[in-house]
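In order, the protein sequences belong to chains D and L. The first sequence begins at 1 in our numbering and counts up by one. The second sequence begins at 1001 in our numbering and counts up by one. Built from N, CA and C at the ideal position, the CB exists for glycine as well.
Protein chains: 2
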Amino acid sequence: MILRTLCSVLTMAVCFSLIPVKRLTPAPALRPDEQVAKQIRDRGLTDLDAYAMLTELTGTIGGRLSGSPQAAAAVEWGRQTMLKLGFQNVHLEPVMVPHWVRGAVEQGMVWGPNSGTALTLNLCALGGSVGTPEAGVEGEVIEVHSLKEAGELGDRARGKILFYNRPMDPTLVNTFAAYGGAVDQRFAGASVAARVGAVAVMVRSMSLAIDNVPHTGAMGYEAGVPQIPAVAISTQDANQLSELVKADKTGRARIKLSCQTLPDVESANVVGELVGSEKPNEVIVMGGHLDSWDKGVGAHDDGAGVTQSLEALGLLKRLGMTPKRTIRVVLFMNEENGGRGAAAYAAKHLVGKETTIAGMESDSGGFAPHGFGVTATPRVYRRIQGWSSLLQPLEADRLTPGGGEADIEPLGAKGVPLIGLQPESQRYFDYHHSIKDTLDKVNPRELEIGAIAMATLAFQIAQHGL
Amino acid sequence: MILRTLCSVLTMAVCFSLIPVKRLTPAPALRPDEQVAKQIRDRGLTDLDAYAMLTELTGTIGGRLSGSPQAAAAVEWGRQTMLKLGFQNVHLEPVMVPHWVRGAVEQGMVWGPNSGTALTLNLCALGGSVGTPEAGVEGEVIEVHSLKEAGELGDRARGKILFYNRPMDPTLVNTFAAYGGAVDQRFAGASVAARVGAVAVMVRSMSLAIDNVPHTGAMGYEAGVPQIPAVAISTQDANQLSELVKADKTGRARIKLSCQTLPDVESANVVGELVGSEKPNEVIVMGGHLDSWDKGVGAHDDGAGVTQSLEALGLLKRLGMTPKRTIRVVLFMNEENGGRGAAAYAAKHLVGKETTIAGMESDSGGFAPHGFGVTATPRVYRRIQGWSSLLQPLEADRLTPGGGEADIEPLGAKGVPLIGLQPESQRYFDYHHSIKDTLDKVNPRELEIGAIAMATLAFQIAQHGL
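Here it is, written out as structure tokens:
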């Protein structure tokens, strides 16, 4: 595009006369709350500090799965960063976390004994999977599209490798809904398959992009059911494998994994705050999770939420805006494969003299925000809606019922209103839990606008209560 | 994130019991208009044909500046594509267009005779610029921040090279507003500088990204003023040059360009439609521009608008939805440096028996749409607002006053309501008019959602009128 007043079809003389030298309309006077929102916005968009922090976190530490040396480094980075930003009461809250390691071996291939076709798979172990014997696991492949279909195989599944291949529903505009509709295969597919005697499972990656990148993610084993290896394969491989087993019913696969679960490790949530000047015991919790999967560097998931939370409170601090109620940033540990940090925080802080008046979270990527999802009583929902005009200049004023992910869920279970940042969702699962979740997928301004939206809303809650 | 019902803090038994096997709540019954919108949405998100067309246009033709062989190839591609899609009355409407060519030589350097520093510039000619003598143009550099400041230099500018370095305002959330506030330097900087005796101008690229990529774009010469060479330099170079001339007031630059303007060439708008079953003479125009700058492949600007328009009408055709009023796709020629196609279309079609009831355009990039900008009477605006609930499932229901860019502006000047797709704007100017405007910056679903929004709204207008 060119600016339409700038010419194209006008004569050059008219065109030159149209060039704006300065704004002629004086800006309308702002209400005090609007003035505050504008100060936060102007400063944030000028500094873009969330991106600077994300560059540091992803560049110096990278992926940081619970229990890893990188996760420990991220905890120390979080603490140091909070101190640099001038937060108060900066401290660690220890928590024991699971320690699963991927290992060096991740291999798989499929072939059709009758058709003569073969395919080396782009795969990775799902987080929490057991490894295979050194020789691997081999079996005939059966494609299924749901847990129900897998369970109904009965004895036909014995000794086989089940291939879960139900894609995310592309007709759902919100990709989180599409993810929610498919991820049961990844999480529970192994135990459902093991109950009917399968020896391993392969799961189509949770992504709408068709490419050669496998996406990991949490899986769990049901108590009392044999634990069998579970891998994700790329969407392109899933499409090809589906063709292969259609063409040759005797199609077989072999998988080798050296992943394992080691003893729990001590880690920590990282906590810092600006203490409320009038009601210090009323606390707004604002956070993201510090751990990430090991495949990428956790830029969107959830380096974005971590650095947006730090920047949101950092902005208020830089601007000298003292909240009347306490705003506390919590960088949660172990969201991806255990939720231990979230549970520990709730267990420690939902008792005693302080009251958690809201939980705010960013864990849906660092894309341009559309607004917030809110889980609250109708009264509180309307109260938050009353501040949405302050988010309108950010184009982030879309409030929808239902919000908050795993890290603040334990607070919500005790009646705390939950507020989740909702960014544009189309690109998120293209990168999620894979080697593609890297800094270059994040736009500095989109990330910052999320931080500004969080700071704007958190400050209103701090000043006026809920 | 992991899906929060999926476990983390719950026991495994509870967790497994929560896995949704199927949806239990029946979907509410849809009104007929909602049913139509859902059909368009489901089909579009399943096929993703806009992206397939964009892959073809950018991959087989690439950049396509007016008058170039690539622009001619794009015209033929547009015609063939419309025929394949089954549009009616597919034809070309000839128009003479300017033919500016960049040439092989684009060089520049700056140095400080006193400080001893030097910098090779990442630059490109602005579109329409005259070239330099073979030896180049050399002069002392004066940094300015506005046309006014340049004009007020008076005799001090004689023989100098003016360096326009006012950045796009980062505090404006909408980047089109930031562009509009800075682009006067690019468009008119040369003539303002020439009036006070300058020999060339360098303009900071119109981008909020700080990198080494120059961004071209249209400039014009005022009649009766000497025509001097004009280049864009990258934002990083602009920052460095500013430091250089602060440190050494005698800082000089030399620029060499071999660009030139050749005689006008015949080209064409590409036109095709679905004829209205009840009121064929009432026409909704829907389009984007087929020409692009030569530096990238015009993926976002405006391959996006071209393929979204084709796909919007293509979707209606595939679904067998015959509009009551005619919906016409126009692929405009020469938006970037002349607007000849837009002027020719308006001159031809605003007379005679047909009535243009709305002009709809996509020329702001292929990112996830927020909604539409609408330039219309309050009555028509409210009428369009009445259909916005159909855009809500796309998260594209944000209507704002003021819409439509250069290609439908001549229709708007005659009172036709203008409707412009408004996508998320943060990334647009990072790529705009530069080598970075390539296919990999486009997300297939984001692009398609724009096409679906256009099809949805255009079909409502076609059925119900405005």
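- In the same chain as Asn1114(L), and ignoring 5 residues on each side of it, the C-beta atoms closer than 6 Å to its own belong to Asp1248, Thr1250, in chain order.
- Neighbours of Pro1170(L) in chain D, taken as residues at a C-beta separation under 7 Å, are given in chain order as Leu45, Thr46.
- Per the DSSP secondary-structure output, Tyr164(D) pairs in a beta bridge with Val144(D), Val203(D).
- A distance of 9 Å or more separates the beta carbons of Val1270(L) and Val1101(L).
- Residues of the same chain with a CB within less than 7 Å of the CB of Pro1280(L), apart from the 5 flanking positions on each side, are Thr1326 in chain order.
- Below the 7 Å Cβ cutoff, chain D contributes Glu424, Gln426 as neighbours of Ala1368(L), in chain order.
- Secondary structure within the segment 45-123 of chain D: the alpha helix (DSSP H) runs of 4 or more consecutive residues, fully enclosed, are 49-60, 69-85 (chain order).
- Within the model, the alpha-carbon separation for Pro1094(L) versus Gly1078(L) is close to 14 Å.
- Taking CB atoms only, Thr1175(L) has a neighbour in chain D less than 9 Å away.
- Within a 10 Å sphere around the beta-carbon of Gln1460(L) sit 16 or more other beta-carbons, which makes this residue buried.
- Gln1308(L) is not bridged by DSSP to any residue.
- By the Cβ neighbour-count rule, Val192(D) is buried, with 16 or more other Cβ atoms within 10 Å of its own.
- DSSP, read as helix, strand or coil, puts Lys256(D) in strand.
- For Met286(D) against Ala458(D), the beta-carbon gap comes to about 6 Å, under 8 Å, which counts as contact.
- Setting aside the 5 residues that flank it on each side, Ser234(D) is surrounded in the same chain by Asn122, Ser205, Asn212, Val213, Pro214, each with a C-beta closer than 6 Å to its C-beta; the list follows chain order.
- Straight-line spacing of the CA atoms in Gly1415(L) and Ala1462(L) works out to 18 Å.
- Distance from the CA atom of Asp302(D) to the CA atom of Glu1266(L), rounded to whole angstroms, is 53 Å.
- With a cutoff of 9 Å on beta-carbon distance, Met82(D) and Thr307(D) are scored as not near each other.
- Chain D places no beta carbon closer than 9 Å to that of Asp1049(L), leaving this residue out of the contacts.
- Each of Ala1157(L), His1145(L), Asn1089(L), Glu1106(L) was checked against the Cα of Pro1133(L), and the nearest Cα belongs to Glu1106(L).
- Collapsing the DSSP output to three states places His289(D) in a strand.
- Unbroken alpha helix (DSSP H) stretches of 4 residues or longer found wholly inside the segment 375-460 of chain D: 378-385, 409-412, 428-431, given in chain order.
- Beta-bridge pairing by DSSP links Pro1369(L) to Pro1423(L).
- Leu1466(L) sits in coil when the DSSP states are folded into three classes, being neither helix nor strand.
- By a beta-carbon distance limit of 8 Å, Asp1407(L) contacts Glu1335(L). Their separation comes to about 5 Å.
- Between the segment 1150-1170 of chain L and the segment 1386-1401 of chain L, the count of Cβ pairs shorter than 8 Å is below three; the stretches do not touch.
- Burial is judged here by how many other beta carbons sit within 10 angstroms of a residue's own beta carbon; Glu152(D) has fewer than 16 and is exposed.
- Leu1126(L) sits in coil when the DSSP states are folded into three classes, being neither helix nor strand.
- Counting along the chain, Arg1340(L) sits inside the alpha helix (DSSP H) bounded by residues 1340-1349.
- Taking 9 Å as the threshold, the shortest C-beta distance from Asp1430(L) to chain D falls below it.
- Chain-order list of chain D residues neighbouring Ile1449(L): Val173, Gln426, by C-beta distance under 8 Å.
- Residue environment analysis places Pro28(D) among the exposed positions, since fewer than 16 neighbouring C-beta atoms fall within 10 angstroms of its C-beta.
- Comparing alpha carbon positions, the residue from Gly189(D), Gly44(D), Arg427(D), Ala342(D) closest to Ser129(D) is Gly189(D).
- When the five nearest sequence neighbours on each side are left out, the beta carbons in the same chain lying within less than 8 Å of the beta carbon of Arg1158(L) are those of Val1196, Gly1197, Ala1198, in order along the chain.
- Cβ neighbours of Ala268(D) within its own chain (closer than 7 Å, five residues either side excluded): Val75, Leu92, Glu93, Pro94, Val95, Met333.
- In this model, Lys246(D) and Thr120(D) are separated by some 17 Å (Cα to Cα).
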